[in-house]
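My numbering applies: residue 2 is where the sequence shown begins, and numbers increase by one.
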Amino acid sequence: MPIIMISSPPFSGGNIVAETLSKQMGYELIDDELMETSAKKYKVHVEKFKTALKRAPSLFGMSQEEILKYTAYFQATLLSTLTRDKIIYHGSVAHMMVSGVSHVLKAYIVANINDRASRMAATEGIDEKKALKEIQKLDKEHKKWIKTLFNTDDSNPVLYDMVLNIGQITVEDAAKIIQDASENRRFQPMTYSEQCMRNLALSSRVRAELITIDSNIVVRADYGDLTIQTKAMEKDKEKKITSIREALKDFDGVKKVEINVVEDFFGQVSTMLR
2 MPIIMISSPP FSGGNIVAET LSKQMGYELI DDELMETSAK KYKVHVEKFK
52 TALKRAPSLF GMSQEEILKY TAYFQATLLS TLTRDKIIYH GSVAHMMVSG
102 VSHVLKAYIV ANINDRASRM AATEGIDEKK ALKEIQKLDK EHKKWIKTLF
152 NTDDSNPVLY DMVLNIGQIT VEDAAKIIQD ASENRRFQPM TYSEQCMRNL
202 ALSSRVRAEL ITIDSNIVVR ADYGDLTIQT KAMEKDKEKK ITSIREALKD
252 FDGVKKVEIN VVEDFFGQVS TMLR
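The structure is reproduced here in structure tokens:
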């Protein structure tokens, strides 16, 4: 069965659509509580994840290196979860972490900003004027975060298989449309697409393991064979290769490791200028 990923700006009703769809289809619903699972697995306080997955790097907040680390931990947990069957995930970032897997249906739920403010006011117990300002602030921060980490705008409809406006249709209508689309043969899992998901899951677990060695490390997996790209100054190349191989010794699912080290030109210049 396909995996369904539902994304939505805050207070757009995406969570309600996901809950309704989960009941209709008998699928397991996973949402931001996955942060708690990830926090336990990587022995990090859950508040770190909540900050890292919502706020862009700042002088008085988290550094980009920290955000990359916690995002890598979350991605590893998410993709391992998505190797299971009959999953609906609702969240605002996961769709950016799954690419090239044909049996993942990505739906984006939108709503009028005034309707969103009304929902927030009712939920938080504040007046709608204040809620509207908070919504605008949340949207601005989210756009900045997405741009920093993924260099894109996740409100772009081309990133999704469908975009549904809850202001125009009911929650039940939206859930029915998504369910009908999920039954299309294009979203049915095949041997190749399932292997693509396993490859992504393995590469994300490996990247999470190596993220403290290099926050910008690139990992690709293909049936257990890894290709890793990292940076190092010439004098540190062998040391970094050794660190990576040691970290991946007896790593579950890994058969072969190829490491490509690109010279860290900026690091070299920085050292020379000291």
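Note that the Cβ used here is the ideal one computed from N, Cα and C, for glycine as well. All values reported here derive from a predicted model rather than from experimental measurement.
Contacts around residue i, its chain only, beta-carbon distance under 6 Å, and the 5 residues preceding and following it disregarded
i, result
"V102", "S194, C197, M198"
"I214", "S244"
"T149", "A57"
"Q230", "V219, N261"
"N16", "H91"
"P190", "H104"
"S23", "L30, I89"
"E259", "T228"
Cα-Cα separation between residue i and residue j, rounded to whole angstroms
i, j, result
"K131", "E264", "51 Å"
"P3", "E239", "43 Å"
"G254", "T84", "14 Å"
"L203", "M26", "28 Å"
"E20", "F12", "14 Å"
"D237", "V207", "21 Å"
"Y71", "A53", "6 Å"
"G62", "W146", "13 Å"
"M121", "E34", "20 Å"
"S156", "R187", "23 Å"
"A233", "I242", "9 Å"
"S39", "Q76", "9 Å"
"D32", "L79", "10 Å"
"V18", "Q169", "14 Å"
"R221", "D154", "24 Å"
Range of the contiguous alpha helix (DSSP H) that encloses residue i
i, result
"N16", "15-26"
"S39", "35-42"
"R246", "238-248"
"I218", "It is not in any alpha helix (DSSP H) - I218 carries neither H nor E in the DSSP assignment."
"I68", "65-82"
"K51", "47-53"
Any non-hydrogen atom of the ligand MN within 7 Å of residue i CB
i, result
"I212", "You won't find the ligand MN in this model; it holds no ligand whatsoever."
Endpoints, the beta strand (DSSP E) within which residue i is located
i, result
"L227", "226-233"
"V258", "257-264"
"S8", "4-8"
"L30", "29-31"
"V105", "105-111"
Contacting residues, own chain, Cβ-Cβ under 7 Å from residue i (five flanking each side not counted)
i, result
"E235", "E264"
"S271", "Low local confidence applies: a pLDDT of 42 at S271 is under 50, so the model's placement there is unreliable, and no value is given."
Inset, instruction - Could you pull out every unbroken alpha helix (DSSP H) segment of at least 4 residues lying fully inside the stretch 125-204, listed in chain order? - result: 129-151, 172-183
Inset, instruction - Answer yes if the stretch 180-192 comes into contact with the stretch 45-54, meaning at least three C-beta pairs across the two stretches below 8 Å, and no otherwise. - result: no
Inset, instruction - Would you check if there are 3 or more beta carbon pairs closer than 8 Å linking the stretch 153-172 to the stretch 100-115? - result: yes
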